[in-house]
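Colleague: Have a look at this one before I ask anything.
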Ligand SMILES: Nc1ncnc2c1ncn2[C@@H]1O[C@H](COP(=O)(O)OP(=O)(O)O)[C@@H](O)[C@H]1O
Ligand SMILES: Nc1ncnc2c1ncn2[C@@H]1O[C@H](COP(=O)(O)OP(=O)(O)O)[C@@H](O)[C@H]1O
Ligand SMILES: [Mg+2]
Ligand SMILES: [Mg+2]
Ligand SMILES: [Mg+2]
Ligand SMILES: [Mg+2]
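Chains as they are written, first to last, in my numbering: chain A, 7 to 229; chain B, 7 to 229; chain C, 493 to 829; chain D, 493 to 829.
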């Protein structure tokens with residue numbers, strides 16, 4: 007594996023495609039209890055991320071990719087999600103600072119953990135408030151277990167993605183306390199949180215890209 | 007037969023009910039080429055007519071009924087149809103002036119003819135322009151034939167009503183030259199004229215009421 | 493049908509009550525269905541009387557106030573008012589200087605305003621009429637007298653209204669109202685139907701991907717139905733229709749983008765942006781402009797573009813302040829630009 | 493979805509271009525998504541900066557001009573602007589007298605305006621924030637700080653704007669903006685959904701005979717869904733909610749009836765008529781009133797009622813003239829009535 011700056015950029019590029027593919031679904035989820043724009047806001051953000059990748063210098067580090075994603079969210083998105091993802095990507099940049107590659111499970115645990123902490127600090131939500139945190143947190147816990155078990159990176163990320171998506175589904179049962187849906191209280195029960203779902207899509211997308219890379223490498227070796 | 011003021015009022019009352027029953031259909035016809043309000047305007051007018059009947063003195067002539075119908079249309083309706091029906095009812099009042107009863111086929115021929123002429127003079131339309139005139143005119147011609155043939159009143163009015171409705175249907179093939187639909191030219195072909203239809207409903211409604219009266223009288227005689 | 497109304501047959505009555513109450517600093521009631529400026533009649537001033545069917549607010553009653561109309565008559569929804577409220581409106585505001593009726597060219601309005609004019613004249617009032625016919629889609633230019641009046645009234649009312657405020661004569665006000673009308677063209681596009689309340693159903697149906705260019709402000713069919721397209725393409729076509737009818741090249745104009753009721757203001761500004769670009773490309777200078785809802789068709793989605801070719805007098809008159817029930821404009825300072 | 497737009501993802505950009513071009517006699521561009529009054533910065537005047545998601549015109553940019561806001565930042569549709577355009581707006585209008593951010597209480601707006609405030613302060617600007625929370629339907633009064641800001645902004649902006657025009661101090665402007673907000677309550681009712689352009693589908697669905705009382709200006713669910721009823725009944729219920737929250741009895745108030753976008757003005761006057769009757773019945777004097785579209789939700793059908801309880805200072809401030817892009821008011825002459 008050689009997850010260098012270029013590879014991280016390719017991964018984020020695919021993340022952007024996957025998010026845009028799910029735009030309508032994310033809007034639908036947000037529309038049930040919120041204002042129906044989450045898929046649009048994420049698509050605007052991810053399109054800006056893709057444009058910013060094109061402007062990167064010829065050679066760059068993984069942290070440069072995260073930094074420019076943060077800047078893209080900062081300038082183009084707004085809404086709740088804009089500052090939260092700006093902070094998350096900026097934290098990812100800091101967590102990856104100076105690293106040439108992100109080949110280890112622990113690298114990604116650190117990055118995810120930094121993103122999570124940034125979102126939690128800026129947004130001030132608690133676990134159980136029916137937000138991004140509620141699918142992101144279990145995913146990080148599964149990464150922590152994978153690190154302890156010395157799991158292979160692709161497996162660890164795949165498991166984290168699966169846990170995130172299952173946890174996103176589980177937000178249906180939660181009573182939201184933060185964000186626009188919060189004032190609905192009990193009325194929001196039964197609706198899956200949009201932000202928890204989009205971060206799960208992102209984590210799954212990253213996992214799939216890394217798994218593909220691994221496959222290519224394995225294929226090389228067995229040739 | 008004894009079609010006195012009271013009877014004419016009862017007839018108009020039923021006309022009003024029949025028009026309101028067909029409100030949505032008349033709006034639908036008007037909506038295809040016009041502004042979709044003909045059923046509403048006619049209902050507003052006919053409701054006003056009914057209210058005005060309640061204000062008539064204890065004893066009144068047929069012409070009083072027509073006069074107050076004219077006033078009702080004048081004050082409440084507006085639109086194209088308001089002045090046209092105002093003029094028509096006023097002309098009917100003039101045609102019936104001083105008569106105690108309207109028992110003869112020729113009485114109704116005169117009334118219809120007066121109404122027609124008033125509409126034609128005020129509106130300035132030609133036959134074939136896809137207006138009220140196009141169902142009213144053939145109905146009057148059939149009345150003229152009935153008078154020559156000394157037909158009985160109920161039969162004459164019934165035939166006139168049938169001719170009017172058939173002629174209203176035939177407006178489908180006409181290219182309108184007057185009124186809102188006129189600028190559509192060929193595009194209006196295939197659509198039945200709303201105003202031609204409402205006058206046909208009115209003529210049929212009058213015929214049915216007079217026929218009912220006749221039936222009651224016949225029933226008396228055979229007793 | 494879901495509307496914020498009680499019995500649909502009471503809607504106009506209740507609307508008129510609410511309108512007068514909400515605007516009692518500008519207008520007074522002068523009949524069951526007619527209003528006039530509080531100060532009417534204004535000595536020596538020619539009075540402008542407007543009116544038409546309900547369902548078009550701000551047209552027509554919304555334009556009563558200083559700088560535009562002196563009085564208005566309300567009709568039923570999409571139906572011209574009868575002669576009676578028009579006469580009441582005229583009598584309430586005629587100071588003796590005379591009255592101009594300015595209304596749109598529809599069969600019903602022509603019939604009723606004509607009868608009101610006859611009656612007023614019989615009563616000794618000097619009444620003239622100016623019939624607006626700015627809708628290019630409603631008849632070919634060879635038959636312009638059959639065209640309807642639509643969104644252009646915003647400019648015609650303001651120009652005539654400002655002239656009347658200068659205490660110009662009846663003839664002068666009539667002349668400039670005609671001139672404003674003759675130099676004004678409008679074209680509209682409809683995206684959805686409206687619902688006449690007492691009917692309760694959509695007046696017409698457009699498929700999910702269809703629009704109608706040239707649609708009237710009551711839902712009367714327009715020039716053609718077509719597939720929905722990027723707005724820039726639609727506007728280019730509409731603009732070309734206007735240009736083909738009146739040569740605006742290198743002229744100074746007043747331009748309005750009018751929402752028909754159901755179209756968000758955001759879209760109207762997207763439309764303005766394109767029309768402005770087309771004006772620039774044709775050397776047209778936009779001396780006055782307005783973007784908003786000026787003549788609506790209940791909740792219909794769509795927009796219309798009105799352009800008035802200005803001469804110096806009209807352009808200066810449009811600098812005057814306006815304070816009507818639903819349209820207000822502060823005095824334009826003579827700009828140094 | 494049929495809208496007068498090009499690529500939905502370009503809509504805000506094109507709308508902003510059109511908006512600035514159509515209002516170039518009042519505002520100038522001070523950033524890609526920010527505008528300020530032409531005269532900004534105005535010496536010694538506290539500047540008012542507003543902003544929020546697009547899709548709500550006239551809110552927020554429509555209120556930039558004399559007597560209301562000095563600058564505004566545009567967000568994407570229903571999305572708060574990022575900090576950057578807010579900062580640009582603030583920097584463009586701060587004369588040194590300080591800046592007040594006045595915005596609605598939404599998570600996104602709070603996040604972004606807070607960050608902009610921090611940055612501006614770091615740059616040495618005196619910036620305070622007033623967060624509007626007038627929507628009684630969005631949280632119980634025991635939890636009023638979580639309430640959203642909606643239609644009441646019309647009165648809060650005007651009161652704060654008029655105060656700022658008197659060259660009051662930053663503290664004074666902030667104080668009266670807070671006071672106006674604290675005395676304002678709003679409740680809305682939604683009849684249909686809106687369509688976020690880049691989503692392309694209705695945000696939510698209401699059955700043909702359903703309305704939602706307390707619906708937010710983005711389609712956020714309200715207090716309850718119910719069957720459609722005569723408007724007088726709906727208004728009685730809404731009015732009761734307002735009265736239960738703030739005692740308006742025998743007070744002087746500013747009252748606005750706001751259309752959410754898809755509701756014809758005719759219906760808004762029917763609503764006004766009923767609210768006026770309820771005010772009369774409760775001894776409430778309507779000192780200032782406005783009926784129209786002030787804070788919309790794209791093409792959503794529905795309306796909201798905002799009432800501000802006035803003290804003498806607020807009432808007098810509301811007499812001041814306003815000349816903003818989309819809301820204009822001539823100086824009210826001190827009435828003899
Ligand atoms: N304080 C918060 N912390 C973390 N996530 C949050 C917070 N507030 C809201 N969210 C997430 O944001 C999502 C909504 O985002 P979006 O619709 O883009 O923004 P907006 O609410 O401004 O329209 C919610 O589904 C929720 O997951
Ligand atoms: N000049 C005319 N003479 C006779 N009938 C006419 C004339 N103009 C229009 N009509 C009739 O009026 C009908 C439309 O009436 P209505 O919809 O009530 O009025 P409006 O056109 O003002 O909406 C048409 O269908 C037509 O039959
Ligand atoms: Mg959202
Ligand atoms: Mg009609
Ligand atoms: Mg009509
Ligand atoms: Mg949003």
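Note that the Cβ used here is the ideal one computed from N, Cα and C, for glycine as well.
1. Check whether the region 725–732 of chain C touches the region 762–771 of chain C, counting contact only when three or more Cβ pairs, one atom from each stretch, lie closer than 8 Å.
2. Closest by CA to residue 672 of chain D, which one among D:663, D:662, D:651?
3. Let me check one thing: in DSSP terms, what residues is residue 91 of chain A bridge-paired to?
4. Indicate whether residue 679 of chain D and residue 745 of chain D have their beta-carbon atoms separated by less than 8 Å.
5. Residue 509 of chain C touches chain D at which residues, Cβ-Cβ below 7 Å?
6. What do you get for residue 775 of chain C, buried or exposed, if any count of 16 or more other CB atoms within 10 angstroms of its CB means buried?
7. Please state whether DSSP places residue 671 of chain C in a helix, a strand or coil.
8. Buried or exposed for residue 172 of chain A, please, with buried defined as at least 16 other CB atoms from any protein chain shown within 10 angstroms of its CB.
9. What's the call for residue 716 of chain D, buried or exposed, on a 16-neighbour Cβ count within 10 Å?
10. Which residues, taken in chain order from the region 81–104 of chain A, show a beta carbon closer than 9 Å to some beta carbon of chain D?
11. Taking Cβ positions, are residue 569 of chain D and residue 665 of chain D nearer each other than 8 Å?
12. Given the structure, does residue 513 of chain C come close to ligand 1, in the sense that its CB is under 7 Å from one of the ligand's heavy atoms?
13. Please go through the same chain and pick out, in chain order, the residues whose beta-carbon is closer than 7 Å to the beta-carbon of residue 89 of chain A, but skip the five residues on each side of it.
14. Can you give me the C-alpha to C-alpha distance between residue 77 of chain B and residue 710 of chain C, rounded to a whole angstrom?
15. CB residue 510 of chain D to CB residue 762 of chain C, shorter than 8 Å?
16. Report the residue from D:742, D:612, D:795, D:756 whose alpha carbon sits nearest the alpha carbon of residue 469 of chain D.
17. How many whole angstroms separate the CB atoms of residue 747 of chain D and residue 781 of chain D, which I take to be in contact at a CB cut-off of 8 Å?
18. What are the uninterrupted segments assigned as beta strand (DSSP E) that are 3 or more residues long and contained completely in the region 26–77 of chain A, given in chain order?
19. Name the DSSP beta bridge partners of residue 627 of chain D, please?
20. Within a Cβ cutoff of 6 Å, which residues of the same chain sit near residue 714 of chain C, ignoring the five residues on either side of it in sequence?
21. So does residue 547 of chain C have its beta carbon nearer than 7 Å to some heavy atom of ligand 3?
22. When the cut-off is 8 Å and only beta carbons count, does residue 193 of chain A lie next to chain D?
23. Could you check whether the Cβ of residue 151 of chain B sits closer than 8 Å to any Cβ belonging to chain C?
24. Along the beta strand (DSSP E) that carries residue 596 of chain C, what are the first and last residues, could you check?
25. What's the gap between the Cα of residue 67 of chain B and the Cα of residue 214 of chain B?
26. Taking only runs that begin and end inside the region 502–545 of chain C, name each unbroken beta strand (DSSP E) of 3 or more residues, in chain order.
27. Check whether the Cβ of residue 6 of chain B sits closer than 7 Å to any heavy atom of ligand 4, and report yes or no.
28. Can you tell me which of the three DSSP states residue 783 of chain D falls into?
29. I want to check one thing, is the minimum distance from the CB of residue 85 of chain B to the heavy atoms of ligand 5 below 7 Å?
30. If we define contact as Cβ-Cβ less than 8 Å, is residue 140 of chain A a contact residue for chain D?
31. Tell me the DSSP secondary structure of residue 776 of chain C in three-state form.
32. Following the continuous beta strand (DSSP E) through residue 168 of chain A, name the residue where it begins and the one where it ends.
33. Along the beta strand (DSSP E) that carries residue 741 of chain C, what are the first and last residues, could you check?
34. Determine whether the beta carbon atoms of residue 528 of chain D and residue 584 of chain D lie at a separation below 8 Å.
35. Rounded to the nearest angstrom, what separates residue 497 of chain C and residue 101 of chain A at their Cα positions?
36. Under three-state DSSP, which class holds residue 655 of chain D?
Modeller: By the coordinates alone:
1. yes
2. Nearest to residue 672 of chain D by C-alpha distance, out of D:663, D:662, D:651, is D:651.
3. Residue 91 of chain A is not bridged to any residue.
4. Contact flag unset, no.
5. In chain order: 765.
6. The C-beta of residue 775 of chain C has fewer than 16 other C-beta atoms within 10 Å across all chains shown, which makes the residue exposed.
7. helix
8. exposed
9. exposed
10. 81, 82, 83, 84, 85, 86, 87, 88, 89, 90, 92
11. The answer is no: Cβ separation not under 8 Å.
12. no
13. 128
14. 27 Å
15. yes
16. With chain D covering only 493 through 829, there is no way to say anything about residue 469 of chain D.
17. 5 Å
18. none
19. DSSP, once it has assigned bridges, lists D:678 as partnering residue 627 of chain D.
20. 629, 704, 705, 706, 707
21. no
22. yes
23. no
24. For residue 596 of chain C, the uninterrupted beta strand (DSSP E) run begins and ends at 591–596, by DSSP.
25. If you draw a straight line from the Cα of residue 67 of chain B to the Cα of residue 214 of chain B, it comes to about 21 Å.
26. 519–523, 526–529
27. Any question about residue 6 of chain B goes unanswered here, given that chain B covers just 7 to 229.
28. strand
29. For ligand 5, at least one heavy atom lies less than 7 Å from the Cβ of residue 85 of chain B.
30. no
31. coil
32. No beta strand (DSSP E) contains residue 168 of chain A, which is instead part of the alpha helix (DSSP H) from 159–176.
33. That residue, residue 741 of chain C, is in no beta strand (DSSP E); it is neither H nor E in DSSP.
34. yes
35. 60 Å
36. Residue 655 of chain D: helix per DSSP, three-state reduction.
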